[in-house]
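Here the structure comes first, spelled out in structure tokens, and everything after it is commentary.
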Amino acid sequence: MMAKLEPSLKPWSKYRFMPEGPSIVILKEAVKAFKGKKLIEIGGSTKIDLPDLMGQPVKDFKSWGKHFLICFPNHTIRIHLMLFGSYRINERKEKPAKLSLQFPNGELNFYACSVKLLEDDPGKIYDWSSDVMNKSWNPRKAGTKLKKIPNTMACDALLDQSIFSGVGNIIKNEVLFRISVHPESRIGKLPPRKLSALIKEARDYSFDFLEWKKAFVLKKHWLIHTKKTCPRCDLPVIKKYTGKNKRRSFFCTNCQLFYRGSKINSIKKRAISPAKKP
DNA sequence: CCGGTTGTTCAGCG
DNA sequence: GCGCTGAACAACCG
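Per the numbering used here, the first sequence starts with residue 4, numbered consecutively.
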């Protein structure tokens, strides 16, 4: 008997994975049928030493940001899909899997990913309150961490996994556009309301990402990421590799304010006022 | 067909 | 020891 697949997760090849936090939440839901099932075979091309897990039941599937955790009674395997990783449930790709798990009711295969064995209990390793998708997400803690790094650019802060676990480059760009902040603004220069908007949208956009991704409509909801013109003012979108991370940023210099110092002179006036949100 | 990237780690250098 | 850079990994879309 094969595990039942969520119908919305079926057309693998048609849609790219987009390995940011919300996609890992989708993975977690997709493998629910294997929860509590005993491992009957483990294989794959991974070179790491895995303990003898045969016959062990999956206690739980967890996630922390972009980390996917397969918890057995005494051990936890951590999967990170990096940029190119993928998975298949009750299906196989042409290439051999990096990690393959067989259960009585089906199989779970991972490709092109990083596989690690956690050295301790996940609860001792991970701070769930920094995961923007987690029910324990704590925006106040994020605020405290941000106040300690005033000189960090907003684009780098959003990608900091110890503050915003799960946020990736797409979410970064969309959040900064939503809150009208230039990616190279320093965290310490943001007005308090912008800072709390940044924290709030990091989570809110991630949940929108989750819903759109499930419905296969994520890409069409991008407002700025990979766009050529600004959807608010129609001026050209700037593409620049920004911050210490040097990741792609897409932004509108008219609609996203550059907070960079003395409050009086530095903030450029908008050429065109942005259209109101529909 | 090639260039580019949703991400992270690590060696090497100054 | 630090911070930065480049390399490495690897798949697939346009």
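For glycine and all other residues, C-beta sits at the position ideal for the given N, C-alpha and C. Because the structure is a prediction, the values reported are computed rather than measured.
C-beta contact flag for residue i and residue j at 8 Å
i    : j    : result
G156 : T232 : Here residue 156 turns out to be Met, not Gly, going by the sequence shown. No, the pair does not count as a contact, with Cβ atoms beyond the cut-off.
L84  : P125 : no
L56  : H78  : yes
I241 : T256 : yes
L179 : L149 : no
A200 : G109 : no
Q59  : K40  : no
C258 : S188 : no
Residue i to residue j span [Cα, whole Å]
i    : j    : result
W140 : S165 : 12 Å
G68  : A115 : 18 Å
K173 : K216 : The sequence shown places Ile at residue 173, not Lys. Approximately 12 Å between the Cα atoms of the pair.
E9   : A33  : With a pLDDT of only 42 at E9, under 50, the local geometry of the prediction cannot be trusted, and no value is derived from it.
L221 : Y90  : 19 Å
K151 : L193 : 13 Å
I227 : R181 : 9 Å
I73  : L260 : 42 Å
L102 : S48  : 7 Å
D211 : C236 : 23 Å
I27  : G171 : 12 Å
D52  : K127 : 22 Å
R206 : N137 : 9 Å
I29  : N112 : 15 Å
E97  : F167 : 35 Å
Collapsed DSSP secondary structure at residue i in the structure displayed
i    : result
D207 : helix
I45  : strand
L84  : coil
L260 : strand
T147 : helix
I227 : coil
V184 : strand
F64  : strand
Classification of residue i by the beta-carbon crowding that lies within 10 angstroms, buried from 16 upward
i    : result
Y262 : buried
K279 : Its pLDDT being 47, under 50, K279 is placed unreliably by the model, and the measurement read from it follows with that caveat. Exposed is the call here.
R19  : exposed
* Do three or more CB pairs link the segment 107-122 to the segment 132-151 at distances below 8 Å? -> At 8 Å Cβ cutoff, the stretches do not touch.
* Asked: How do the segment 239-254 and the segment 146-160 stand: do at least 3 beta-carbon pairs fall below 8 Å, yes or no?
  -> Yes, since at least three Cβ pairs between the segment 239-254 and the segment 146-160 fall closer than 8 Å, the two stretches touch.
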